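Novice: Okay, so the sequence shown: first residue is 32 according to this note's numbering, each after it adds one.
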Amino acid sequence: MERTAPRLTFPKRERMVSQRLIDELFGGGHSSSLAAYPLRAVYLKKERHQGDVPVQLLISVPKKRFHHAVDRNRVKRQIREGWRHHQQLLIDTLPDTQQLLVALVWLSDQQLPTDEVEKCVVNLIQRISEKL
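If you want it as structure tokens, here you go:
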């Protein structure tokens, strides 16, 4: 049996941009939350419709934490990189009939090295996959 290489991409369709989905995630009262400082994950498992991707991600780095856009963009880039390398752990544990909406929110006003940010992302991914 041939083994395929893991996907290391983060295409636009996997980004949560729909206001309806964002409102459902944050306002519905059915979502769960985990923290691995300096990140907080808010996630919601819902029924997957035809054509939906298994996991959609929203990354939020508040302007309140970093006033300069260049600093916010760097943190978002670090989070995306960690997600891109380890998202397959989450996708593999998710049933084919379910979709997962995930929001990663930055809590600190300090920048961290990329390897520490990646450890936090991996920690959250593992903990979410255990809860599924």
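In this text, a Cβ means the ideal position worked out from N, Cα and C, and glycines have one as well. Just so we're clear, the structure is a prediction, and the values are computed from it rather than from any experiment.
Please go through the same chain and pick out, in chain order, the residues whose beta-carbon is closer than 7 Å to the beta-carbon of Ser62, but skip the five residues on each side of it.
Specialist: As a working note, residue 62 is residue 31 in the sequence shown. Around Ser62: Leu56, Val73, Tyr74 and Leu75.
Novice: Near Val92, what residues of its chain come up, given a Cβ to Cβ distance below 7 Å and the 5 sequence neighbours on each side ignored?
Specialist: Position 61 of the sequence shown holds residue 92. If we look at Val92 and ignore the five residues flanking it on each side, its Cβ neighbours are Arg103, Val106, Lys107 and Trp137.
Novice: What is the rounded straight-line gap between the Cα of His99 and the Cα of Leu163?
Specialist: Taking the first residue of the sequence shown as position 1, residue 99 is located at position 68. Taking the first residue of the sequence shown as position 1, residue 163 is located at position 132. If I take the Cα positions, the gap works out to 37 Å.
Novice: Can Pro85 and Gln129 be called in contact, C-beta distance under 9 Å?
Specialist: As a first step, residue 85 is located in the sequence shown; it is residue number 54 there, counting from the start. As a first step, residue 129 is located in the sequence shown; it is residue number 98 there, counting from the start. Their beta carbons are under 9 Å apart, which means Pro85 touches Gln129 by this criterion.
Novice: Spatial neighbours of Leu89 within its chain, please: CB distance less than 6 Å, with the 5 preceding and 5 following residues excluded, ordered by chain position.
Specialist: To locate residue 89, count along the sequence shown from 1; it is residue 58. Once the five neighbours on either side are set aside, the close Cβ partners of Leu89 are Met47 and Ala134.
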